[in-house]
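Heads up: the sequence shown at position 157 corresponds to 158 in the working numbering, and the numbers run straight through without jumps.
All residues carry an ideal CB built from backbone N, CA and C; glycine is no exception.
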Amino acid sequence: MSVKLNIPTEYTLKTCELDERKVTYRAFENLWYCEKPVDPIQKLSIYVPEAYYHAEKIGPYDQHTAPIFMPNTVGGYLPGPIDKPGIDKRSKQANSIFQALEHGYVDVSVGVRGRTSGKKTTDFFVGSKEGDLGTETGKMIGRAPAFIVDYKAAIRYLRYLQGTIPGDTNRIITNGTSAGGALSALAGASGNSPDFTPYLAQIGAVNERDDIFAASCYCPIHNLENADSAYEWLFAGQNDYYRTKHQRTEHGIIRVPDTGHMTPSQIKLSHELKALFPSYLNQLGLTDDKGTKLTLNKQGEGPFKDFVKEQLLRSANQELQTHENETTRQNWLTNGSQVEQQPYLIFTAGKVTALNWDEFVKKITRMKATPAFDALDLSSPENEEFGDETVERRHFTPFSLQHSSVSNSELADEKIIKTLNPVSYICEGTATIAKHWRIRHGSFDRDTSLAIPLILALLLKNKGYDVDFEIPWGVNHAGDYDLAELFSWIDEICAPA
């Protein structure tokens, strides 16, 4: 398919009213962002506060200075369709696009390919848009690195439109949750990298920059080639797993329990994987604000583990003082996570002063059996992400390839694996990296190891980037639960002097 990219002139004037709140905006909808699209999803919609067309300001912003807020709807590496202002079905509150318009941002919602592009699916993961089953085309053209290629093409298209639609293209802020958080992080870490040039050319992306100003990442599922060892560093010894899978049906999303006890073979592999993590962690050269080297010994003990504990204690103390999550974020709070009810926390003079690590890990529970991401039978979403049009699924770690239960299984190309790992680009230093980062990972989030978001935050901070990182107490695998704080952060880095 070939399309001609134009400056959009047609729009619909719309008003959305929710909970006695109202936003009026111009909607430039379903615009192709590349000249050679290979899937119907490769479009975007732009929503602009109507006030900007009447020389009015919203807060500190006008039509020239308004940041461009770019959330995605990716979850589980599934396709991420376009969204629009409305109700967030999980929170039952106004979604991020509505609230961003209300706050004065120009909103851009991008449709991007994912691992199931080309077929319908009943899969559902946190971050996904509800109700979208996909389009049957018969061509599997959404595997790595398709979703970041599409996101970059959309960013380039926005720069192509610079000056024709309100919004500051030098103030683009991405936002996503779970695999969508990984996508946001990738956009922030790999700006203008030549690794993506051939892929962008294939879909006819315009010749513009694709770096961004800031990345907001909720519980990003990234660094996949090291996620299995990081998971066992945290959970080895916990052999029961407790998981709830989700499925799309004609009656909405249903929950399917998946719990069990790991086999002796899985338990053995768990300890083998845990033993791999310290060498990976140590070669990163991470330090804290005082310059202390954050390392681990062969047993997985050391300053890095102490640092993780410190972050958890800080989170628990903040919640103890404010009870903010317990009172305002119940939709995202794990049952039984109220800070005063945690027996593994030591309280002294009204403060949390210590934490029993093993009891904390036991409390939050293991979610995934070993290996957590690169499944030996190639059954994980991430295995499918590393497939292509001819090979359905691949391994992405030498460890799982070595122990694979699938005959003739393959290892994904290391260049493809790199394109999905923001940490690789931050370490390499050859891309244009976003100046500002906001990373959140709940203390009760077991979808990936606590080490994974911490590595991302520490690496960025060590290299001089502005990083706002927190582990909100009791919060599970979720995003967009603190939009007021997110927008305050955006204002701090974007508002005109």
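Practice item. Could you spell out where the beta strand (DSSP E) holding residue 218 opens and where it closes? Key: 215–219
Review point. What do you get for residue 306, buried or exposed, if any count of 16 or more other CB atoms within 10 angstroms of its CB means buried?
Key: buried
Review point. DSSP three-state call for residue 78: helix, strand or coil?
Key: coil
**Study point:** Close-in-space but distant-in-sequence residues of the same chain around residue 301 (CB under 7 Å, 5 per side omitted)
**Key:** 234, 275, 278, 279
Review point. What do you get for residue 401, buried or exposed, if any count of 16 or more other CB atoms within 10 angstroms of its CB means buried?
Key: buried
Point to revise | Nearest-angstrom beta carbon gap, residue 316 and residue 471 [assumed within contact, 8 Å] | key: 7 Å
Review point. On the three-state DSSP scale, how would you describe residue 243?
Key: strand
Review point. Nearest to residue 232 by CA position, among 70, 343, 369, 31, is which residue?
Key: 369
Check your understanding: Would DSSP call residue 447 helix, strand or coil?
Key -> coil
Practice item. Take the Cβ of residue 443 as the centre, count every other Cβ of all protein chains shown within 10 Å, and call the residue buried at 16 or more, exposed below. Key: buried
Exercise for review: Rounded to whole angstroms, what's the CA-CA distance from residue 382 to residue 156? Just pull it up for me.
Suggested key: 26 Å
Check your understanding: For the stretch 91–167, which segments carrying the beta strand (DSSP E) assignment without a break, of at least 3 residues, lie completely within its bounds, in sequence order?
Key -> 107–111
Point to revise | Through-space distance from residue 36 to residue 5, alpha-carbon basis | key: CA-CA distance, residue 5 to residue 36, rounds to 6 Å.
Check your understanding: With 16 as the cutoff for other CB atoms within 10 Å, does residue 175 come out buried or exposed?
Key -> buried
Review point. Count the other CB atoms within 10 Å of the CB of residue 81; is the residue buried (16 or more) or exposed (fewer)?
Key: With 16 or more other CB atoms across the displayed protein chains lying within 10 angstroms of its CB, residue 81 is buried.
Practice item. Drop a sphere of 10 angstroms on the beta-carbon of residue 116, count the other beta-carbons inside from all chains shown, and report buried for 16 or more, exposed for fewer. Key: buried
Check your understanding: How would you label residue 14, buried or exposed, when you count the other beta carbons within 10 angstroms and need 16 or more for buried?
Key -> exposed
Check your understanding: Should residue 71 be labelled buried (16 or more other beta-carbon atoms within 10 Å of its own) or exposed?
Key -> So residue 71 counts as buried.
**Study point:** Boundaries (first-last residue) of the beta strand (DSSP E) holding residue 50
**Key:** 44–50
Point to revise | Of the residues 455, 50, 74, 344, the one placed nearest residue 289, counting alpha carbons only | key: Nearest of 455, 50, 74, 344 to residue 289, Cα basis: 455.
Point to revise | Limits of the unbroken alpha helix (DSSP H) element including residue 354 | key: Residue 354 -> not in any alpha helix (DSSP H); beta strand (DSSP E) instead, spanning 352–356.
Review point. Residue 212 to residue 432, Cα distance in whole Å?
Key: 9 Å
Check your understanding: Which residues share a DSSP beta bridge with residue 176?
Key -> DSSP lists 72, 217 as partners of residue 176.
Point to revise | Per DSSP, the bridge partner or partners of residue 248 | key: 124, 255
**Study point:** Opposing strand residues paired with residue 471 [DSSP bridges]
**Key:** The beta-bridge partner set that DSSP reports for residue 471 consists of 441.
Point to revise | Delimiting residues of the beta strand (DSSP E) encompassing residue 347 | key: 346–349
Review point. DSSP beta-bridge partners for residue 17?
Key: 24
Check your understanding: Are residue 25 and residue 51 closer than 8 Å when you measure CB to CB?
Key -> yes
**Study point:** Exposed unless 16 or more other CB atoms sit within 10 angstroms - verdict on residue 380
**Key:** exposed
**Study point:** Helix, strand or coil at residue 182 according to DSSP, with G and I counted as helix
**Key:** helix
Practice item. Would you decide whether residue 172 is buried or exposed? Buried here means 16 or more other CB atoms lie within 10 Å of its CB. Key: buried
**Study point:** residue 23 classed as buried or exposed, judged by whether at least 16 other C-beta atoms fall within 10 angstroms
**Key:** exposed
Check your understanding: Taking residue 190 as the reference, which of 473, 464, 494 has the closest Cα?
Key -> 464
Exercise for review: Taking all protein chains shown into account, decide if residue 121 is buried (16 or more other Cβ within 10 angstroms of its Cβ) or exposed.
Suggested key: Exposed: under 16 other Cβ atoms inside 10 Å.
Point to revise | Which residues DSSP lists as bridging residue 59, in chain order | key: The bridge partners DSSP lists for residue 59 are 62.
Review point. Going by C-alpha distance, which of 438, 118, 79, 101 is nearest residue 458?
Key: Closest in alpha carbon position to residue 458, among 438, 118, 79, 101, is 438.
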